[in-house]
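**Student:** Here you go, one structure.
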Amino acid sequence: MTTAEFIPTRRAAVVDTLFRFQSLFGLVLVLAAAVVFSPSHDGDLVFLSSENLFNVVRAIAEIGIIAIGMTFVILVGGIDLSVGAVLGLAAVGSAVLLVNDGFGVLPAVLVVLAAGLVFGLLQGVASAVFGIQAFIVTLAGLQVARGLARIWSGGQGVAIAYGDGPGEAPVAFSLLGERTFNGLVPIPAVIFAVVAVAAIVFLRTSAFARHVYAIGGNEKAARLSGVAVTRVKVLVYGLSGLLAALAGIIHAGQLNQGSPNDGSGYELDAIAAVVIGGTALSGGRGSVSGTVAGALLLGVLNNILALNSVDPNVQLLIKGLVIVVAAGLQRLRPTP
Amino acid sequence: MSGKHFALPALVLLLAACGTTHENSGQGASTSAAACKGAAGKYTIGVSQANVAEPYRKQMDDDIARAAKQYPQFTVSFADAQQDNAKQVADVENFLTQRIDLLIISPNEATPLTAVVKKAYDKGIPVLVLDRKVDGDAYTQWIGADNVDIGRQAGQYLADKVLPQGGKIAEIRGLAGSTPAKERQDGFAKGIEGRGIDIVTTVDGDWLREKGQQQADAVFKAHPEIQAVYSQNDPMAEGAYLAAKAAGLDQKIKFLGIDGLPIPSGGIKAVEAGRLAATFVYPTGGREAVASAKSILVDCAKPAKTQMLATELVTQANAAEVYAKGNR
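In order, the protein sequences belong to chains Y and H. Under our numbering, the first residue of the first sequence carries the number 94, and numbering increases by one thereafter. Under our numbering, the first residue of the second sequence carries the number 8, and numbering increases by one thereafter.
Here you go:
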């Protein structure tokens, strides 16, 4: 290699690195803006107060968990529009099982997680085995999950009251309802962090993950080189359903209620977090760590706009612009 | 596959988990006494709205903003939860970190918002709850109207004035699973009890004009003999009216709505123009909330726990007058 060739290559490498870390730079930028624009009380920045930071991470935990499942789905070139409705279904399921059916915490959680997993797997089968477009399958899944949630709940929010008597949920479940544990750690954020770390490690080390990227990059080539494309795709949708159900259980705990209308529109927030995190909607390129950064970015943005009492209508504009800019930056990224 | 840039998000999570903790500082319900600083004080009022996309709730915010203009001491900031319980909890928490002096909240649903409203109240912040309630009694005052009663009045009006001989009607409900939809349905059923009125069909219009229109299209195809439509809000009634017009039934069928917003696209104007036979004002409580805020913060008074607002029947006879009153 001559020097003349070397320099542009290196520049390309720098550019590529910049784009890889784009969601992170975005996050740092928004964090810096949040500190600069933070209102202050008695000389303390409100944004940096522990209570406020708890609020931020707690607020993004559910979207973040869903977005991690969504990342896997988008990496194989799919999409899952059903996650918000599955979250609602899981929230209703948790409430009904605990309150009306007298389930213990562990059985209830396991049943709900299994339901989410099966729901996702079925969507995966419809999409990967029968070749119906994921967009359509999961759009239908959204409707089905909402319908099931309405039937299961009797069309009304099911309130969760705690106690030992009939019609009361075991007190252990209220741990999820605690805004913070020991006044220090927000439980939903801890669960989100655990899921995120597990997903990051899994995506960086497992053979399954290599197959995920291979399918998203070029499905035909992956199939020809022996990847079990159908199986991987089905499992990925199952994972997404499972994580949506997990988020739904947290949702029910946090809000003391399972309502059939819970989580509506969450799928779009999750997709936004994935896209801001630098994962290509066409599949094959992206990361869970980017998605986590994307979810944090959205959370910090929401928080600082609210702390500054920005008009809610203008907030929508700003959030929309940030998503477009992030997606636009992705297009500038040189393809390898 | 991407590099190892997961360190920072993890760090942020960690930072968030380890920040200096001075939460729960102002425990104990030492409510209004501490909040009151008299006429000379400056006050920030946080308004947490469930969903500004609904015209009724937009009107509530507008009423609050307009009424608050009378008091130069008040700064009002608005948050919109976009119909999401979780977002509304976060909105209130943001208000708490902003250290507002008084909270006005119109909850999206009761149970999910109860804990955070209690948290605010326990910190000594006066809380005015509008329209929908919260569970328990950890709030300063609830201001609202009785949906069951309004539904009952609508039923009685239908039985007395529209179909005194009895008849067949259709009911268009709001969003399934929402409390007001159930209450307006139950009240209405009581109002028409034993009056020979047969609800031929009940459909869900989700509070939306376009959904009301679609559902009514199908209803009029299946049951052209219907003589009246009870719609749980005005936009769905207007949608049903459009469907009837398209089917050539608009002269034959009478429409009842609820909400009666004093805005150009609202139910009062629709009654005045003759599209709806009647509507029932569902007051927003916005002005009353600001009046309560003033008495708590400026006059150091302790308001009653409940402020029940009366509805008002709007017919063509009084529509113009009610409209003017609402915009005063």
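Beta carbons are placed, not taken as given, at the ideal position from N, Cα and C, and that holds for glycine. Bear in mind that the values here come from a model prediction, so they are computed numbers and not experimental data.
Quick check on H/Y237: does DSSP put it in helix, strand or coil?
**Tutor:** strand
**Student:** The alpha helix (DSSP H) that contains H/Y164, what's its start and end?
**Tutor:** 154-164
**Student:** May I ask you to verify whether the segment 110-126 of chain H touches the segment 52-59 of chain H, counting CB pairs closer than 8 Å and requiring at least 3?
**Tutor:** yes
**Student:** Out of H/A308, H/A74, H/W214, which one is the CA nearest neighbour of H/I265?
**Tutor:** Of the candidates H/A308, H/A74, H/W214, the residue whose Cα lies closest to the Cα of H/I265 is H/W214.
**Student:** Which class does H/Y50 belong to by DSSP, given the choice of helix, strand or coil?
**Tutor:** strand
**Student:** Rounded C-beta distance between Y/S131 and Y/L389? I'm assuming under 8 Å.
**Tutor:** The Cβ separation is near 16 Å, so there is no contact.
**Student:** If contact means a Cβ-Cβ distance below 7 Å, which residues of the segment 283-304 of chain H contact chain Y?
**Tutor:** none
**Student:** Please give the ranges of any alpha helix (DSSP H) in the segment 84-160 of chain H, keeping only runs that are unbroken, at least 4 residues long and fully inside the region.
**Tutor:** 92-104, 117-129
**Student:** Would the beta-carbon of H/Q163 fall within 8 Å of that of H/G198?
**Tutor:** yes
**Student:** Can you tell me which residues form a DSSP beta bridge with H/D211?
**Tutor:** H/R180
**Student:** From H/G173 to H/A253, what does the alpha carbon distance come to, in whole angstroms?
**Tutor:** 26 Å
**Student:** Let me check one thing: in DSSP terms, what residues is H/T313 bridge-paired to?
**Tutor:** For H/T313, which the question treats as bridged, DSSP gives the partners H/W149.
**Student:** Which residues mark the beginning and the end of the alpha helix (DSSP H) in which Y/G346 is found?
**Tutor:** Taken as a continuous stretch (DSSP letters only), the alpha helix (DSSP H) holding Y/G346 covers 322-348.
**Student:** Note down, in chain order, every chain Y residue with its Cβ under 7 Å from the Cβ of H/Q105.
**Tutor:** Residues of chain Y passing the Cβ test: P132, V139, L400.
**Student:** Name, going along the chain, the residues of the segment 223-254 of chain Y whose beta-carbon falls closer than 8 Å to a beta-carbon of chain H.
**Tutor:** Residues passing the 8 Å Cβ filter: R243, S246, G248, Q249, G250, A252, I253.
**Student:** Could you check the C-alpha separation between Y/E271 and H/P269 for me, to the nearest Å?
**Tutor:** Looking at the two C-alpha atoms, the distance is approximately 42 Å.
**Student:** State the Cα-Cα distance for the pair H/Y330 and H/K49, rounded to the nearest angstrom.
**Tutor:** 34 Å
**Student:** When you compare only the Cα positions, how much space is there between Y/A188 and Y/L168?
**Tutor:** 33 Å
**Student:** By the criterion of Cβ-Cβ separation under 8 Å, what are the contact partners of Y/H344 in chain H?
**Tutor:** A93
**Student:** Check the Cβ-Cβ distances between Y/L328 and every residue of chain H, and say whether any is below 8 Å.
**Tutor:** For Y/L328, no Cβ of chain H is located within less than 8 Å of the residue's own Cβ.
**Student:** Taking Y/T372 and Y/S382 to be in contact with their CB atoms under 8 Å, please state how far apart those CB atoms are, rounded to whole angstroms.
**Tutor:** Not a contact, Cβ separation roughly 10 Å.
**Student:** Shorter than 8 Å from the beta carbon of H/P187 to some beta carbon of chain Y?
**Tutor:** no
**Student:** Quick check: is the beta carbon of Y/N311 nearer than 8 Å to any beta carbon in chain H?
**Tutor:** no
**Student:** Report the option in Y/S375, Y/A386, Y/Q350, Y/G256 whose CA atom is closest to the CA atom of H/T118.
**Tutor:** Y/Q350
**Student:** Can you pull the chain Y neighbours of H/G212, defined as C-beta to C-beta under 8 Å?
**Tutor:** Close to H/G212, with beta-carbon spacing below 8 Å, lies no residue of chain Y; the smallest spacing is near 15 Å.
**Student:** At 9 Å on the CB atoms, spell out the chain H contacts of Y/E155, in chain order.
**Tutor:** A93
**Student:** Counting only Cβ-Cβ distances shorter than 7 Å, please list the residues of the segment 54-76 of chain H near chain Y, keeping chain order.
**Tutor:** V59
**Student:** Can you pull the DSSP bridge partners for Y/K313?
**Tutor:** Answer is none; Y/K313 lacks a bridge partner.
**Student:** According to DSSP, is Y/G240 helix, strand or coil?
**Tutor:** helix
**Student:** Compare the C-beta of Y/P263 against all C-beta atoms of chain H and say whether one is closer than 8 Å.
**Tutor:** no
**Student:** In whole angstroms, what separates the C-alpha of Y/V368 from that of Y/I416?
**Tutor:** The alpha-carbon atoms of Y/V368 and Y/I416 are separated by roughly 8 Å.
**Student:** With a floor of 3 residues, list each beta strand (DSSP E) that falls wholly inside the segment 264-308 of chain H, ordered by position along the chain.
**Tutor:** For the segment 264-308 of chain H, whole beta strand (DSSP E) runs of length 3 or above, ordered along the chain, are 285-288.
**Student:** Using three-state DSSP, classify Y/D458 as helix, strand or coil.
**Tutor:** With chain Y covering only 94 through 429, there is no way to say anything about residue 458 of chain Y.
**Student:** Hey, quick one: how far does the alpha helix (DSSP H) through Y/S187 stretch, first residue to last?
**Tutor:** Judged by DSSP secondary structure, Y/S187 falls within the alpha helix (DSSP H) whose first and last residues are 176-188.
**Student:** Taking the straight line between their C-alpha atoms, what separation do you get for H/P324 and H/I275?
**Tutor:** For clarity, residue 324 of chain H is Ala in the given sequence; the question names Pro instead. Each residue's alpha carbon lies about 11 Å from the other.
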